[in-house]
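*Asks:*
2 protein chains.
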Amino acid sequence: MNVRTLCLGVLAVAEASGYEIKKEIEEGHFSHFIDASYGSIYPALIQLHAEGLLTVRAEEQTGKPDKKVYGITEAGRRALAKAVSEVPAKDKFRSEFLFQMLMQPLLTPGAMLNAIDKQLRDLNDDLSRIAECQRKEQPHAGGQFVAGYGKAVLTAAVIYLEQKKAELLREAVAPAAE
Amino acid sequence: MNVRTLCLGVLAVAEASGYEIKKEIEEGHFSHFIDASYGSIYPALIQLHAEGLLTVRAEEQTGKPDKKVYGITEAGRRALAKAVSEVPAKDKFRSEFLFQMLMQPLLTPGAMLNAIDKQLRDLNDDLSRIAECQRKEQPHAGGQFVAGYGKAVLTAAVIYLEQKKAELLREAVAPAAE
DNA sequence: CCTCACATGTAATGAGTTACATGATTGG
DNA sequence: CCAATCATGTAACTCATTACATGTGAGG
């Protein structure tokens, strides 16, 4: 799915400004599987509005810059429903980390452990963010589903990595003792 | 990582033609987390060769078109080692499927089940491909690690989805019986 | 006969990121 | 005073995909 559809998806739940959409993608239910920058969000919103799929309202704020609050129109909802019901391409995990691990002989054991630790931190960050989402929002069906999926997958990864890390540490100590 | 680094990574294990690199990415240890098309592989190989990171050798074949077999040079290995040791950006799962699931209210129950079934097929395909890799190759450390990670994560996803699918089917029957 | 597997490449196009540009207010 | 948060937008650029272009041989 592209940034257009993503914006429609966020706005289908509640109206928001471009800035707030970015925050939602970073911290909400999308955070562990989607990314988008302002450089793609703002142009998408302008375009979607021009096509009549969104409404805009300027909101003045004291102490903060004014913001443009976007809302979805009926045509927007139809466009979103259409996009969502299309059969998507197959998911890929596109993991930089796994590529690194595949190139193990090129890495020092220390670099390996660093990479694994970083991955563990990243995975645990995602898990906390999911927990946080579930804590503060009244759970709707889609959010529950995605949170559960994310938890299951990320937890499996954490368990595997922790086990492998322990193995590596044991191996690093054992030959030194000989 | 980009296609350049990916090609270097494949060639670090064994020499290959552009066509064979693509096959390796589709069917080998990369298959469940990376993608690349000929339109990016061939230009990358030409470029890498011009930079002295690869060697080329034209191989004549009877019954098949000639092929250009690329091999990695020492400079190529250094470039790969450098790229691999750089700290990568955080992994994202970039899942079209999860986006679809997040938009549940827009989907009919039938469409939901179809999407879940498709995802299950895709995940199981990946699992078989990993099993196949492990069966036919003598396992090197990186491959083992990545295969294990893939298995753990994909299996967790399959289990979660199968459970959710069963729940949905029960719900679909229960209200009809009232 | 037609399609698939083998094999290489280019050009048009698309979709996004990064960097730039601007500016107010709050908290350490 | 400096950094961070809030807030919007544009332009240059990167990177890759898709479609096009071409050709052989084997098998159903």
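From first to last, the protein sequence lines are chains Y and W.
When we follow our numbering, the leftmost residue of the first sequence carries the number 1, and every step to the right adds one.
When we follow our numbering, the leftmost residue of the second sequence carries the number 179, and every step to the right adds one.
Using N, Cα and C, we set each Cβ at its ideal position, and we do this for glycine too.
#1: If you follow the beta strand (DSSP E) that Lys245/W is in, where does it begin and where does it stop?
#2: Determine the extent of the beta strand (DSSP E) in which Arg57/Y is found, giving its start and end residues.
#3: Comparing the C-beta of His207/W with each C-beta of chain Y, is any distance below 8 Å?
#4: Using a Cβ cut-off of 9 Å, which residues of the segment 269 to 287 of chain W contact any Cβ in chain Y, in chain order?
#5: Taking 8 Å as the CB-CB cut-off, is Ser37/Y touching chain W?
#6: Please report the residue range of the alpha helix (DSSP H) in which Asp300/W lies.
#7: Indicate whether at least one CB of chain Y lies closer than 8 Å to the CB of Leu258/W.
#8: For Ser244/Y, go through chain W and note every residue whose CB falls closer than 7 Å to its CB, in chain order.
#9: Check whether chain W comes within 8 Å of Tyr70/Y, counting only Cβ atoms and requiring the distance to be less than that.
#10: Let me know if Val188/W comes out buried or exposed under the rule of 16 or more other beta-carbons within 10 Å of its beta-carbon.
#11: Taking the alpha helix (DSSP H) that Lys201/W belongs to, which residues open and close that run?
#12: Helix, strand or coil for Met279/W per DSSP?
#13: Which same chain residues end up closer than 6 Å to Glu204/W when comparing Cβ atoms and leaving out the 5 residues on each side of it in sequence?
#14: Once the 5 residues before and after Ile34/Y are set aside, which same chain residues still bring their CB inside 7 Å of it?
#15: Gly320/W CB to nearest chain Y CB: under 8 Å?
#16: Hey, Glu274/W and Asp122/Y: beta-carbon distance below 8 Å or not?
#17: Would you please verify whether the beta carbon of Lys200/W is less than 8 Å from any beta carbon of chain Y?
#18: Alpha carbon to alpha carbon, what distance is there between Ala222/W and Gly39/Y?
#19: Name, please, each residue of chain W whose Cβ falls closer than 9 Å to the Cβ of Ile130/Y.
#20: When DSSP labels each residue in this structure, what does Ile34/Y get in the three-state scheme?
#21: Would you mind sorting Leu80/Y into buried or exposed? The rule is 16 or more other CB atoms within 10 Å of its CB.
#22: Please list the partners that Lys118/Y has in chain W, where partner means a Cβ-to-Cβ separation under 9 Å.
#23: Check whether the segment 271 to 289 of chain W touches the segment 128 to 145 of chain Y, counting contact only when three or more Cβ pairs, one atom from each stretch, lie closer than 8 Å.
#24: For the alpha helix (DSSP H) that Leu6/Y lies in, which residues bound it at each end?
#25: Given that Val153/Y touches chain W, what residues does it touch there, using C-beta distances under 8 Å?
#26: Quick one: what does DSSP say His318/W is sitting in, helix, strand or coil?
#27: Leaving out five residues before and five after Glu137/Y in sequence, what residues of the same chain have Cβ atoms less than 7 Å from its Cβ?
#28: Verify whether the separation of the beta carbon atoms of Tyr149/Y and Ala330/W is less than 8 Å.
#29: Taking 7 Å as the limit between beta carbons, can you name the residues of its chain near Asn124/Y, skipping five residues before and five after?
#30: List the whole-angstrom C-beta distance separating Leu291/W from Leu346/W, where the pair is believed to meet the contact cut-off of C-beta under 8 Å.
#31: On a Cα-Cα basis, can you pick out the residue from Gly110/Y, Ala147/Y, Glu162/Y and Leu8/Y that is closest to Gly71/Y?
#32: How about Leu231/W and Gly254/W: do their beta carbons lie closer than 8 Å?
*Replies:* If we stick to the structure as given:
#1: Lys245 to Ile250
#2: Per DSSP, the continuous beta strand (DSSP E) segment holding Arg57/Y begins and ends at Leu54 to Glu59.
#3: Chain Y, which has a Cβ nearer than 8 Å to the Cβ of His207/W, makes this yes.
#4: Asp269, Lys270, Phe271, Arg272, Ser273, Glu274, Phe275, Leu276, Phe277, Gln278, Met279, Leu280, Met281, Gln282, Pro283, Leu284, Leu285 and Thr286
#5: no
#6: Pro287 to Lys314
#7: yes
#8: As displayed, chain Y neither begins before 1 nor continues past 178, which places residue 244/Y out of reach and without an answer.
#9: Not one chain W Cβ lies under 8 Å of Tyr70/Y.
#10: buried
#11: Gly196 to Glu205
#12: helix
#13: none
#14: Leu6 and Ile25
#15: yes
#16: no
#17: no
#18: 27 Å
#19: Simply none; closest approach about 12 Å.
#20: coil
#21: buried
#22: Val265, Pro266 and Lys268
#23: The segment 271 to 289 of chain W makes contact with the segment 128 to 145 of chain Y: 3 or more CB pairs, one atom from each, lie closer than 8 Å.
#24: Counting along the chain, the alpha helix (DSSP H) containing Leu6/Y begins and ends at Val3 to Val13.
#25: Phe271, Val331, Ala334, Ala335 and Tyr338
#26: coil
#27: Gly143
#28: No. Outside cutoff.
#29: Val158
#30: Correct: roughly 6 Å between the Cβ atoms.
#31: Leu8/Y
#32: With respect to Gly254/W, Leu231/W sits close: the two C-beta atoms are nearer than 8 Å.
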